[in-house]
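Data block below; observations after.
Protein chains: 2
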Amino acid sequence: MTNRRVLLRNRPVGEPKPSDFEIVDAPLPEPQEGDILVRTIWLSLDPYMRGRMNDVKSYTAPVELGQPMVGGTVGEVVKSRDAAFTPGDFVLSYGGWQAYHVAKAAGARVGPFGPLKLDPQAAPISTALGILGMPGLTAYVGLYDIAQPKPGETVVVSAAAGAVGSVVGQLAKIRGCRVAGIASTKDKCEYVLKELGFDACVSHRVPDLAAVLRDACPKGIDVYFDNVGGDVLKAVLRNVNPFARIPLCGIISQYNATEMPPGPNLAPVLVNRVTIRGFLVSDHADRLPQFLADCSRWLREGKLKYREDIVQGLEKAPEALIGLLRGQNTGKMLVKVGEDPTRR
Amino acid sequence: MTNRRVLLRNRPVGEPKPSDFEIVDAPLPEPQEGDILVRTIWLSLDPYMRGRMNDVKSYTAPVELGQPMVGGTVGEVVKSRDAAFTPGDFVLSYGGWQAYHVAKAAGARVGPFGPLKLDPQAAPISTALGILGMPGLTAYVGLYDIAQPKPGETVVVSAAAGAVGSVVGQLAKIRGCRVAGIASTKDKCEYVLKELGFDACVSHRVPDLAAVLRDACPKGIDVYFDNVGGDVLKAVLRNVNPFARIPLCGIISQYNATEMPPGPNLAPVLVNRVTIRGFLVSDHADRLPQFLADCSRWLREGKLKYREDIVQGLEKAPEALIGLLRGQNTGKMLVKVGEDPTRR
Numbered sequence: 361m362t363n364r365r366v367l368l369r370n371r372p373v374g375e376p377k378p379s380d381f382e383i384v385d386a387p388l389p390e391p392q393e394g395d396i397l398v399r400t401i402w403l404s405l406d407p408y409m410r411g412r413m414n415d416v417k418s419y420t421a422p423v424e425l426g427q428p429m430v431g432g433t434v435g436e437v438v439k440s441r442d443a444a445f446t447p448g449d450f451v452l453s454y455g456g457w458q459a460y461h462v463a464k465a466a467g468a469r470v471g472p473f474g475p476l477k478l479d480p481q482a483a484p485i486s487t488a489l490g491i492l493g494m495p496g497l498t499a500y501v502g503l504y505d506i507a508q509p510k511p512g513e514t515v516v517v518s519a520a521a522g523a524v525g526s527v528v529g530q531l532a533k534i535r536g537c538r539v540a541g542i543a544s545t546k547d548k549c550e551y552v553l554k555e556l557g558f559d560a561c562v563s564h565r566v567p568d569l570a571a572v573l574r575d576a577c578p579k580g581i582d583v584y585f586d587n588v589g590g591d592v593l594k595a596v597l598r599n600v601n602p603f604a605r606i607p608l609c610g611i612i613s614q615y616n617a618t619e620m621p622p623g624p625n626l627a628p629v630l631v632n633r634v635t636i637r638g639f640l641v642s643d644h645a646d647r648l649p650q651f652l653a654d655c656s657r658w659l660r661e662g663k664l665k666y667r668e669d670i671v672q673g674l675e676k677a678p679e680a681l682i683g684l685l686r687g688q689n690t691g692k693m694l695v696k697v698g699e700d701p702t703r704r
Numbered sequence: 361m362t363n364r365r366v367l368l369r370n371r372p373v374g375e376p377k378p379s380d381f382e383i384v385d386a387p388l389p390e391p392q393e394g395d396i397l398v399r400t401i402w403l404s405l406d407p408y409m410r411g412r413m414n415d416v417k418s419y420t421a422p423v424e425l426g427q428p429m430v431g432g433t434v435g436e437v438v439k440s441r442d443a444a445f446t447p448g449d450f451v452l453s454y455g456g457w458q459a460y461h462v463a464k465a466a467g468a469r470v471g472p473f474g475p476l477k478l479d480p481q482a483a484p485i486s487t488a489l490g491i492l493g494m495p496g497l498t499a500y501v502g503l504y505d506i507a508q509p510k511p512g513e514t515v516v517v518s519a520a521a522g523a524v525g526s527v528v529g530q531l532a533k534i535r536g537c538r539v540a541g542i543a544s545t546k547d548k549c550e551y552v553l554k555e556l557g558f559d560a561c562v563s564h565r566v567p568d569l570a571a572v573l574r575d576a577c578p579k580g581i582d583v584y585f586d587n588v589g590g591d592v593l594k595a596v597l598r599n600v601n602p603f604a605r606i607p608l609c610g611i612i613s614q615y616n617a618t619e620m621p622p623g624p625n626l627a628p629v630l631v632n633r634v635t636i637r638g639f640l641v642s643d644h645a646d647r648l649p650q651f652l653a654d655c656s657r658w659l660r661e662g663k664l665k666y667r668e669d670i671v672q673g674l675e676k677a678p679e680a681l682i683g684l685l686r687g688q689n690t691g692k693m694l695v696k697v698g699e700d701p702t703r704r
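Next up, the structure:
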């Protein structure tokens, strides 16, 4: 039995190309004492992965050339050398782009990436990578802890049909806010409006986004949850209310840029006493229990909905990531790496 | 007796010109019940005044064409129709660019612009426009309340020799921080280092400010008190530490701009979880008592120093404001409008 892996072959310049990745078959790894061997079922694809492909200092180390791409995974324990896990257990871990991986079970700190044993009765195991996982916690922390919207305030979120944005808007509705999404296509706006229950959704592909946002947010913008940066942020800043809060979660618009583009003029930030705050979900693992309690309940109650955008087979991961960075997905982008015995 | 006034004649395009102002002699105004008539001694010039010359919505209304320019003043009561004031009292008020003005004494809310009776024994009355006035409170609130530096952290402030920046750096030293200033000329840097006791001061007129700042701040930047925006902010963002705080106090670099220039790329804000927060001193009048208590004491103890950059005569105010916006002043820019009986 071999372990199929997707390695980083070249550091992309601009948009990644399929040839920047290499698919290889390696021997199966062997778990040591305190380890588990996991068969990957689901691989999460997320925009932050583009940053790991660059050889620049960031908040975590880049992926080394010739090594597997990193990523959150849900899988099944096939061999355990730790008392806490049994073969057949489902587990969230950070296994990367490969069919099998060894995870340290013993003494590992549980963060948004696990390792965490999953109960397939409680929720579909794939949700541990989406609405009940890192993207959901990102939305929860960024909105509730960083932006702290009050009932009746207007919340805007970009990449509104994405894994994080779709949760942000629903959490804002639960809080009693008016919510406007920003997405690319008409189909995504439809999804956001009809399925997720946002109050408005506009495409950023319009000549004057600032004017369109003004119509969509007649009382101005109190919170902007920013996933994209760029021109969308500029348009939002023309519509912010005094004391608006802008959690900066991602800058997808420039992840493929070869030179850092300029940012928004900050005069509206000064005049309106706006707070822009960058945050990383990894700093907020302490909020995981409360997040899981709240969002699992809301999911059961039907107050939270989600969609998964699934590609079949690890070999498809490179082009799926390229598509994700182009904004082609709706909902949580997942690669189905192996059979999911919980889904019949 | 007439009242000399400086009116706004034209809305400037770009840098103001002397011909944008008009000097006229008007009749002396008459105080009504609850008013005081004040003879202006000191007029404060501040960068925010440039914004009031534009016909754009901001946090306060613009100066109307044909009306006197606004501004904080220290003067002497010459006629009082309010029980709380007596002729001969010295008072901080918002009299604008004129030799005399009427201020509402009764029921007026005391804010950073008064009206407030001054004790000439406690401190020179002109300090009510500078280190013990609006610029001092701006520094106090922006540094202590917004940025909240901890002892040992590195604080950087731009326009370091100006009315606000010079106080920010000294307050940071009092807090036990390492302080680096950014100013334009060698003379200003000398002043900031030798007289005000900053640990470092660099000119922004260098080919690679980011590299110069890296040398001046070997442990990175934890707090940047931003008075100028523009390229200085960009250079700072290349040197910020995780969880850095950037109170946005002013954007002098663009006050004369005819088009809004782009701002800084925000990737370092995301990666380092930086907080950028715009603030206006007028929102923080509640901090005035504590500020006055602290800063009066530090002034008496010699822990706070200040310099005044004085031009003689109201007629000089237009060119002095033009110079201020070019960064030609060192310390608090004041116009001496009339005789100061407390300075012999």
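Residue numbers (this note's numbering), protein chains in the order written: chain C, 361 to 704; chain B, 361 to 704. In this text, a Cβ means the ideal position worked out from N, Cα and C, and glycines have one as well.
Quick one: which chain B residues come within Cβ less than 7 Å of residue i?
i: Y419 (chain C); result: V631
i: D646 (chain C); result: The premise fails here: D646 (chain C) is roughly 15 Å from chain B at the closest Cβ pair, so nothing lies under 7 Å.
i: G589 (chain C); result: L626
i: I611 (chain C); result: L626, A627, L630
Quick one: what's got a C-beta closer than 8 Å to residue i's C-beta in the same chain, skipping five residues either side?
i: G673 (chain B); result: V695, K696, V697
i: Q614 (chain C); result: G589, G590, M620, P621
i: T702 (chain B); result: F450, P480, P484, I485
i: A653 (chain B); result: none
Report yes if the CB atom of residue i is closer than 8 Å to the CB atom of residue j, and no otherwise.
i: L388 (chain B); j: M361 (chain B); result: yes
i: K665 (chain B); j: Q530 (chain B); result: yes
i: V398 (chain C); j: I383 (chain C); result: no
i: I485 (chain C); j: V527 (chain C); result: no
i: L685 (chain B); j: G638 (chain C); result: no
i: A463 (chain C); j: P447 (chain C); result: no
i: A604 (chain B); j: Y584 (chain B); result: yes
i: P495 (chain C); j: C537 (chain C); result: no
i: T487 (chain C); j: G435 (chain C); result: no
i: R369 (chain C); j: L405 (chain C); result: no
i: R647 (chain B); j: Y408 (chain B); result: no
i: R364 (chain C); j: Q458 (chain C); result: yes
i: I320 (chain C); j: P649 (chain C); result: Because chain C in this structure spans residues 361 to 704, residue 320 (chain C) falls outside the shown range and cannot be described.
i: V437 (chain C); j: V430 (chain C); result: no
Which two residues bound the contiguous beta strand (DSSP E) that contains residue i?
i: L403 (chain B); result: 395–404
i: F603 (chain C); result: 600–608
i: M693 (chain C); result: 692–696
i: V438 (chain C); result: 433–440
i: E382 (chain C); result: 381–387
i: C711 (chain B); result: This structure does not reach residue 711 (chain B), given that chain B is present from 361 up to 704, and the question cannot be answered.
Assuming residue i and residue j form a contact by the criterion Cβ under 8 Å, report the distance between their Cβ atoms to the nearest whole angstrom.
i: D385 (chain B); j: R441 (chain B); result: Incorrect: roughly 24 Å between the Cβ atoms, too far for contact.
i: V671 (chain B); j: V634 (chain B); result: No, V671 (chain B) and V634 (chain B) are not in contact; Cβ-Cβ is about 39 Å, not under 8 Å.
i: A521 (chain B); j: G691 (chain B); result: 7 Å
i: E375 (chain B); j: N616 (chain B); result: 5 Å
i: V641 (chain B); j: L497 (chain B); result: 5 Å
Identify the continuous alpha helix (DSSP H) that holds residue i and give its terminal residues.
i: A543 (chain C); result: No alpha helix (DSSP H) contains A543 (chain C), which is instead part of the beta strand (DSSP E) from 538–543.
i: S656 (chain C); result: 648–660
i: K477 (chain C); result: Per DSSP, K477 (chain C) belongs to no alpha helix (DSSP H); it is in the beta strand (DSSP E), 476–478.
i: D582 (chain B); result: It is not in any alpha helix (DSSP H) - D582 (chain B) instead sits in the beta strand (DSSP E) that spans 581–585.
i: A463 (chain C); result: It is not in any alpha helix (DSSP H) - A463 (chain C) instead sits in the beta strand (DSSP E) that spans 460–464.
Closer than 7 Å by C-beta to residue i: which residues in its own chain qualify, once you throw out the five before and the five after it? Chain order, please.
i: S544 (chain C); result: S563, H564, R565, G687
i: S518 (chain B); result: G525, I542, D586, N587, V588, V592
i: A595 (chain C); result: L569, A570, L573
i: K579 (chain C); result: T514
i: V373 (chain B); result: T618
Quick one: which chain C residues come within Cβ less than 9 Å of residue i?
i: R637 (chain B); result: V629, R633, V634, T635, I636, R637
Since residue i meets chain B, which of its residues come closer than 8 Å, beta carbon to beta carbon?
i: L503 (chain C); result: Ordered by position in chain B, no residue passes the 8 Å Cβ test against L503 (chain C), which lies about 16 Å from the chain.
i: D643 (chain C); result: R633
Enumerate in chain order the residues of its own chain whose CB-to-CB distance from residue i is below 6 Å, with the five nearest sequence positions on each side excluded.
i: F558 (chain C); result: G529, V539, G541, V552
i: P678 (chain C); result: P378, F381
i: H461 (chain B); result: V398, G455
i: L597 (chain C); result: P624, P628
Residue i touches chain C at which residues, Cβ-Cβ below 7 Å?
i: N625 (chain B); result: M620, P621, P622, G623
i: L640 (chain B); result: R633
Is the shortest distance between the beta-carbon of residue i and the beta-carbons of chain A less than 8 Å?
i: D406 (chain B); result: Chain labels in this structure do not include chain A; the protein chains are C and B.
Could you tell me which chain C residues have their CB closer than 8 Å to the CB of residue i, listed as they occur along the chain?
i: L608 (chain B); result: L626, V629, L630
i: D449 (chain B); result: Chain C residues near D449 (chain B): none, gap ~34 Å exceeds 8 Å.
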